[in-house]
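Report on the structure given below.
4 protein chains.
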Amino acid sequence: MEAFSDGVLAIIITIMVLELKQPDGDKLNDLLTLWPTMLSYFVSFLFISVYWVNHHLLFQKTEKINSKILWCNLLWLFVMSFVPFATSWVGKYPQSFMPICHYFVLMFMAGITFRFMYHLIQRENNQVPKMRVQSIISLCVYIVAAAVGGFCPLAAFVLVIVVTIWWIFSIRIWNKRKSNK
Amino acid sequence: MEAFSDGVLAIIITIMVLELKQPDGDKLNDLLTLWPTMLSYFVSFLFISVYWVNHHLLFQKTEKINSKILWCNLLWLFVMSFVPFATSWVGKYPQSFMPICHYFVLMFMAGITFRFMYHLIQRENNQVPKMRVQSIISLCVYIVAAAVGGFCPLAAFVLVIVVTIWWIFSIRIWNKRKSNK
Amino acid sequence: MEAFSDGVLAIIITIMVLELKQPDGDKLNDLLTLWPTMLSYFVSFLFISVYWVNHHLLFQKTEKINSKILWCNLLWLFVMSFVPFATSWVGKYPQSFMPICHYFVLMFMAGITFRFMYHLIQRENNQVPKMRVQSIISLCVYIVAAAVGGFCPLAAFVLVIVVTIWWIFSIRIWNKRKSNK
Amino acid sequence: MEAFSDGVLAIIITIMVLELKQPDGDKLNDLLTLWPTMLSYFVSFLFISVYWVNHHLLFQKTEKINSKILWCNLLWLFVMSFVPFATSWVGKYPQSFMPICHYFVLMFMAGITFRFMYHLIQRENNQVPKMRVQSIISLCVYIVAAAVGGFCPLAAFVLVIVVTIWWIFSIRIWNKRKSNK
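If you read the protein sequences in the order shown, they are chains A, B, C and D.
With the first sequence counted from 1, adding 47 to any position gets you my numbering.
With the second sequence counted from 1, adding 47 to any position gets you my numbering.
With the third sequence counted from 1, adding 47 to any position gets you my numbering.
With the fourth sequence counted from 1, adding 47 to any position gets you my numbering.
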């Protein structure tokens, strides 16, 4: 199951590159006009990477799996598979309310599904640690970003990037401790 | 062989997302006009997921493989590889007879090929349980859906979704028993 | 190395499906006008499948690998990666000389590269059996098909399909013997 | 982690093929007008292959991984994921300054990131050999190529191809020694 999830995430992450269409001209300006697409691509890449690492750490500690977990994992992959679609919509209309809102709602749904899967796994596997309050905070941030995104897209992106970087650093600490033992 | 099949299924499942073109505008309406594409994508995702889980459970119990099984597996993957094509055709003409009929005929052919592969594997591996009557029923449902699809697309989709959900639940029970032992 | 080759082949095989564009209409006729694309897709799928099985059987018996083999394998993957490109060109101009010729020349080049890799592996690994005369015959058939293809495309395709089916059956026998032991 | 990186590289390498659009006609000339695309595809394929082999050799000797290495690896994959984008931009404007410059700057950034990851891994794993001076030279070559590329694209490509072939041969020798033991 982990190999399949890995494969799907690897494909999602690289499929997004396909949405990066060639610039219409050969000047630096033509490249720079793509910056909203680039930004949303970068955020999505970060977003999927953090999930991928979390997913890996989670399943490393998981020993018992039941079919509820299996279907929940597939549901989560289903939500994640919309990320390239949402990313390219934001890239095309970087100033509009709906695409940005849709983008962050999707992130929220991915978070909820993952959290639910975490809960299911934890009920079967005692050694899995309690989910951190951090995950609830990031869910809230996604909702705020979805609401704020329509008025001030940049603020929403900055919020989400900050949360993601927070994740990157907190995962770092956890790993370090593990490697110290 | 399982890794290759897994890889192909993972790619098929995510390639379908590429067919989800960006909406033409930035309003909620532009997103909602994509609902036939979304629906067919959702059904195809469910369809491939159920097959993927079934395929996994089947090969976990398989010990002997001969070349007939190998080629039958490749034939099945060939049929499955048309799913993104059929899905996007349905998404484009959600009200027309042929695309919907073609979609369900494809599901039927995938079912027949899988059932044949199951039969071949069972002949070599005694520990594989008999195929359930459920698989025959779902083959019939696909034919009925192909016939009904032209007149009433929604009815056909509802039929197939019901069968798929039935599969999800019956697989669940089977897994649960296994984890109880 | 095998996992990477497997991955690349799995992606090549499914990328070809992306070339299957949606029909322009919703009638059966619109589907049937795609038959040259379908045919070339089918032949390419067969072609890659046979190579994939051969590649697998070869590396199962390979114990020593040197860097020449590694680069030869990458060269072979490079040639194989043009198959979707050649397939879609043939599908677009099914009656023209160049695309069909290019298609079969590509098959020939894939054959030569694979044969060369086989040779390199055999020199290092005594347990790998001699390459069969069959592989030389199929190389000749690809050349003949490339020459004939311009005048009579169907004849060329029939030739190549016959050779491929011959491979499928001869691999079958080899496998059977192995499973009998 | 290696499986995921492998998967991403495999997808990147084959996604580039998607950029090889069908020729507009059915003559040999129509194929030959694609030569800039072909050339850049070939160079990118070589480039990714060399990195893939290097990445493999590096992680084979790596035993301890910390989270810095993990994120550095993801950063490197992020840079690499732009290769298909840069490749197709060069293929479209083979005579222009910016695309070629962007292409080689990307190669340079991939080199820097990889070198940094190498450094991080080496600090944790004593058995990993010192990075060769070759890697610094190739970083310089990428910068020179980026600067020269605008005036004389062919010279830049020849430079980079020479460096890549140098890598292929030096990796070959290293492997040979290993297999001699």
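Using N, Cα and C, we set each Cβ at its ideal position, and we do this for glycine too.
Check each residue of the stretch 129 to 152 of chain C: if its Cβ is closer than 8 angstroms to any Cβ of chain D, include it; give the result in chain order. Phe129, Pro131, Phe132, Ser135, Trp136, Lys139, Tyr140, Ser143, Phe144, Met145, Pro146, His149
Cβ of Thr61(C) within 7 angstroms of any chain B Cβ: yes
Would you give the residue range spanned by the alpha helix (DSSP H) that Ser114(A) belongs to? 114 to 127
Does Phe125(A) come within less than 7 angstroms of chain B when only Cβ atoms are used? yes
Relative to the C-alpha of Pro70(C), which residue among Phe92(B), Gly138(B), His103(B) is closest? Gly138(B)
Roughly how many whole angstroms lie between the Cα atoms of Ala192(B) and Thr84(B)? 18 angstroms
Which residues in the same chain as Val97(B) place their Cβ atom closer than 8 angstroms to its Cβ, once the five residues preceding and following it in sequence are excluded? Thr211, Trp214, Ile215, Ile218
Ends of the alpha helix (DSSP H) at Asn172(C)? Counting along the chain, Asn172(C) falls outside any alpha helix (DSSP H), and DSSP gives it neither H nor E.
Apart from the five residues on each side of it in sequence, which residues of its chain come closer than 8 angstroms, Cβ to Cβ, to Leu67(A)? Leu81, Thr84, Met85, Tyr88
In angstroms, rounded to a whole number, what distance separates the CA positions of Asp53(A) and Val64(B)? 17 angstroms
If you run the structure through DSSP and keep just helix, strand and coil, what is Ser143(A)? coil
Is there at least one Cβ from chain B nearer than 7 angstroms to Gly197(A)'s Cβ? no
Assign Gln69(B) to one of three DSSP states: helix, strand, or coil. coil
Which term fits Cys187(A), buried or exposed, when burial requires 16 or more other beta carbons within 10 angstroms of its beta carbon? exposed
Beta-carbon of Phe106(C) versus every beta-carbon of chain B: anything under 7 angstroms? no
For Leu93(D), report the span of its alpha helix (DSSP H) as first-last. 82 to 107
Consider the Cβ of Gly158(D): report whether some Cβ of chain A lies at a distance smaller than 7 angstroms. no
Can a CB atom of chain A be found closer than 7 angstroms to the CB of Lys74(B)? yes
Over the uninterrupted alpha helix (DSSP H) stretch that includes Gly196(D), give me the two end residues. 180 to 196
Who are the near neighbours of Ser226(D) in its chain, counting only those whose CB is closer than 6 angstroms to its CB and skipping five residues on each side? Its pLDDT being 46, under 50, Ser226(D) is placed unreliably in this model, and the value from its coordinates should be taken loosely. Contacts found: none.
Where Pro146(A) falls, given that 16 or more other Cβ within 10 Å makes a residue buried: buried
Would Val64(B) pass as an interface residue toward chain C - the criterion being a Cβ-Cβ separation below 7 angstroms? no
Residues near Tyr140(A) by beta carbon distance below 6 angstroms, same chain, minus five either side: Pro146
Determine whether the beta carbon atoms of Phe144(A) and Gly197(A) lie at a separation below 7 angstroms. yes
Thr134(C) versus Cys199(A) - alpha carbon distance: 47 angstroms
Out of Ile62(D), Leu206(D), Gly72(D), which one is the CA nearest neighbour of Phe132(D)? Ile62(D)
Leu121(B) versus chain C: which residues are under 7 angstroms apart at the beta carbon? Ser96
Which residues of chain B have a Cβ atom closer than 7 angstroms to the Cβ of Ile58(A), listed in chain order? Ala57, Ile58, Thr61
CB contact check: Leu79(C) to chain B, cutoff 7 angstroms: no
Can you find a CB in chain D that lies within less than 7 angstroms of the CB of Phe161(A)? no
Amino acids of chain D, ordered along the chain, whose beta-carbon sits closer than 9 angstroms to that of Leu167(A): Under the 9 angstroms cutoff, chain D gives no residues; its nearest Cβ is about 24 angstroms from Leu167(A).
Strictly under 7 angstroms for the Cβ-Cβ distance: is Lys228(A) near chain B by that measure? Because Lys228(A) carries a pLDDT of 36, less than 50, the predicted location of this residue cannot be relied on, and no value is offered for it.
Are the CB atoms of Val209(B) and Ala202(B) nearer to each other than 7 angstroms? no
Can you look up Pro176(C) in the DSSP assignment and give me helix, strand or coil? coil
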